[in-house]
Structures are given as C-alpha cells and as structure tokens.
Amino acid sequence: MKQTVLVTGANKGIGYETARQLAGLGMTVLVGARDRERGERAVERLRERASGVHLVQLDITDAKSIAAAFEDVSARFGRLDALVNNAGIGNASDLPSKQSLADMRTLLEANLLGPIAVTQAFLPLLATGARIVNVSSSLGSLGLAADPTSRIAAWNALFGYSASKTALNAFTLRLALELRERRSGEPGVPGLRRDRSERAPRAAHGRARCGHRRAPRQSGGRRPDRRLLRRRRRGRLVERPSPAAT
Ligand SMILES: NC(=O)c1ccc[n+]([C@@H]2O[C@H](COP(=O)([O-])OP(=O)(O)OC[C@H]3O[C@@H](n4cnc5c(N)ncnc54)[C@H](OP(=O)(O)O)[C@@H]3O)[C@@H](O)[C@H]2O)c1
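My numbering numbers the first residue of the sequence shown as 6 and each following residue consecutively.
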C-alpha cells in the first residue's frame, strides 16, 4: 500500500522540496498550505512530475484550521504514515536583551505551539510504524550555542528563532520518550521484540526517533526492565511499531 505523508508549509521552500522528493518516491503526499491559492499552485507544479499529490489547507497556528484539516485527511485518506512538521517562520528575532515579547510570542506560536498542536491533533491518524519529523535548526542547539568555537554561538541576534527551535527540540525528544514508554508499557502493545534477523537502521530508528538509549524512570511508573535494556544495547532487540502506535 502507498504510504501517505502530510508535510506542513509545503507550498514553498524546504517543505515544497520535501513534498517533491517524497512524491518522487511514490508516496501519497498531502501538501499542507495555509493559503489555498498558494497551495493549489504548488500542487499543480508537483503533479507535473508525480501523481498522488493533494492539497490540505492547514494553518498550524489556527485551532479551527487544524481540526478541519484533521477531518479532511481522516475522510479522504483515513491514515497517515508520516507527519512532517515543516511550517515555520524565521523573522522578528533580536538579541536576547532586546527581543520583543510580541515577536517572541509569534515565533513560539508558529515554531513550537503549531507543531505541538498539529502533532496532538493527528496522532490518532498516525498508523503503525508512522514517523513524526519536526524540522528544527542547528540554531536551536544549546550545545552548539555553548561552544565558543561554533559559528552558532555568534548568532545572538537570532535569539527568538533559536529559542523557539530549542523548545521544539525539547518537544521532539519528550514526545519520542513518551511514545516509546507507551509502546513498551501498555499491556498488549509490544514495543520491544526480539528479532535476530534484522537490526534497526540507525538513521531511521535512532536519535531522531527516540533521542536517548535509556528511557527515564517516571515517578510511579514502571521500573525499566534491565534485561531488555541490556539486550537492546547489544543489538539483539529492535524496536518494532506497535499495533496501537501513535
Ligand atoms: N531555510 C533554512 O536555512 C532553514 C534552516 C534550518 C531550519 N529551517 C526550518 O525549515 C522550515 C522551512 O523553512 P524554509 O526556509 O523552507 O521557510 P520558507 O521558505 O519561509 O517556508 C515556510 C513555509 O511555512 C509556511 N508557514 C509559515 N507559517 C505557517 C502557518 N502558520 N501555517 C501553515 N504554514 C505556515 C509558509 O507558508 P506561506 O507561504 O503561506 O507563508 C511556507 O510554506 C522551517 O521550520 C524553518 O525554521 C530552515
């Protein structure tokens, strides 16, 4: 079955190119665009080279638009195999000491709250083994910002944007940990399965998906199974999509 992917902010830039390449791989691509006309133009161009490209009108900062997009995708496609939270804005940044709070709110709305809201809304549609990709930036890395030899450390004037991406990184990591915990913690929802025949490809299942090797212990939560963790580190276990994967 063809895989279905929704890319937000896909009418131009990185989102458009992502949509173009995924469509070229034969996937059904849902082009998220807040402006219908801009979205239609992008879909038209994409259809010159690939079939299976559809418009989904979606403003990631508008709760009604997100709800309508969810209904639209549910009705037309019934499932999603991947969600690419690409839409974002990069303007209105300043030095930390001068950053306007109004501009900071706008940046956080688009670059953090939007992806969170879209992800939360579409989780029920994300099928077994589905991927969530949050498009971040090296400017969001606190490690690079703290490294005086990194050029990222010199870009203080982009504080508002950088902070919004740092917060997006936190969401990405915490969500991955939560979903992993849910997969391995729910009765009848096996998250870790023994499998000698294959190893998880690092690019596909590694850092972006789970962030840490070890799941943190939640207060009141289940104690991690040390035997399973040891086996996983030795590569004898691979993570498998759960039937109730979200
Ligand atoms: N360009 C870079 O060098 C770079 C580097 C690292 C990370 N990134 C990240 O990559 C992503 C795409 O960047 P880009 O350079 O391709 O930017 P871009 O060319 O400005 O495209 C941004 C896209 O996001 C859409 N968008 C903005 N706000 C939206 C909203 N509220 N609802 C729905 N769509 C919205 C825009 O729609 P409209 O056309 O309607 O405005 C556009 O389609 C962003 O998350 C950005 O932070 C970019």
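By construction, the Cβ of each residue, glycine as well, lies at the ideal position given by its N, Cα and C atoms. Quantities reported herein were computed from a predicted structural model and do not represent experimental measurements.
Distance, residue j Cα to residue i Cα
i    : j    : result
G165 : D99  : 6 angstroms
V10  : G57  : 11 angstroms
T177 : R43  : 29 angstroms
G20  : R39  : 13 angstroms
M32  : A97  : 35 angstroms
P153 : N90  : 30 angstroms
L147 : M6   : 40 angstroms
R188 : V123 : 21 angstroms
S155 : S167 : 14 angstroms
R81  : I71  : 15 angstroms
E76  : L130 : 10 angstroms
R212 : Q104 : Because the pLDDT at R212 is just 33, under 50, the model does not fix this residue reliably, and the value given afterwards should be weighed accordingly. Straight-line Cα distance between these residues: approximately 32 angstroms.
R54  : S142 : 29 angstroms
L117 : A68  : 14 angstroms
L113 : R50  : 31 angstroms
G281 : D108 : The question about residue 281 has no answer, for the chain in this structure spans 6 to 251.
Q125 : Q8   : 20 angstroms
S79  : L163 : 38 angstroms
Whole-number beta carbon distance between residue j and residue i, since they are thought to touch under 8 angstroms
i    : j    : result
P120 : L63  : That belief does not hold up - the Cβ atoms of P120 and L63 are roughly 12 angstroms apart, past 8 angstroms.
L85  : A132 : 6 angstroms
Residue environment, residue i, which counts as buried when at least 16 other CB atoms sit within 10 Å
i    : result
A151 : exposed
L144 : buried
T23  : buried
T13  : buried
G93  : buried
L35  : buried
S169 : buried
A135 : buried
G83  : exposed
R185 : buried
L106 : exposed
P248 : With a pLDDT of only 32 at P248, under the threshold of 50, the placement of this residue in the model should not be trusted, and no figure is reported.
R25  : buried
N37  : Looking at the sequence provided, one finds Gly at residue 37 rather than Asn. With 16 or more other Cβ atoms within 10 Å, it is buried.
Extent of the continuous alpha helix (DSSP H) to which residue i belongs
i    : result
G18  : G18 to G29
V48  : R41 to R52
T124 : G119 to F127
D108 : L106 to L113
V78  : A68 to R81
A87  : From DSSP, A87 is part of no alpha helix (DSSP H) but of the beta strand (DSSP E) over L85 to N90.
G134 : Not the alpha helix (DSSP H): G134 falls in the beta strand (DSSP E), residues L131 to N139.
Q148 : Note that residue 148 is Gly in the sequence shown, not Gln. G148 -> alpha helix (DSSP H) spans L147 to A150.
Beta-carbon spacing of residue i, residue j below 8 angstroms
i    : j    : result
A15  : T66  : no
L149 : I157 : yes
F127 : L88  : yes
A74  : V61  : yes
N139 : P101 : no
Bounding residues of the beta strand (DSSP E) (the contiguous stretch that carries residue i)
i   : result
T9  : T9 to V12
V61 : V58 to Q62
T33 : T33 to A38
Residue-level contact to chain D via CB, residue i, 8 angstroms cutoff
i   : result
N91 : The chain inventory of the structure shown lacks chain D, comprising one protein chain alone.
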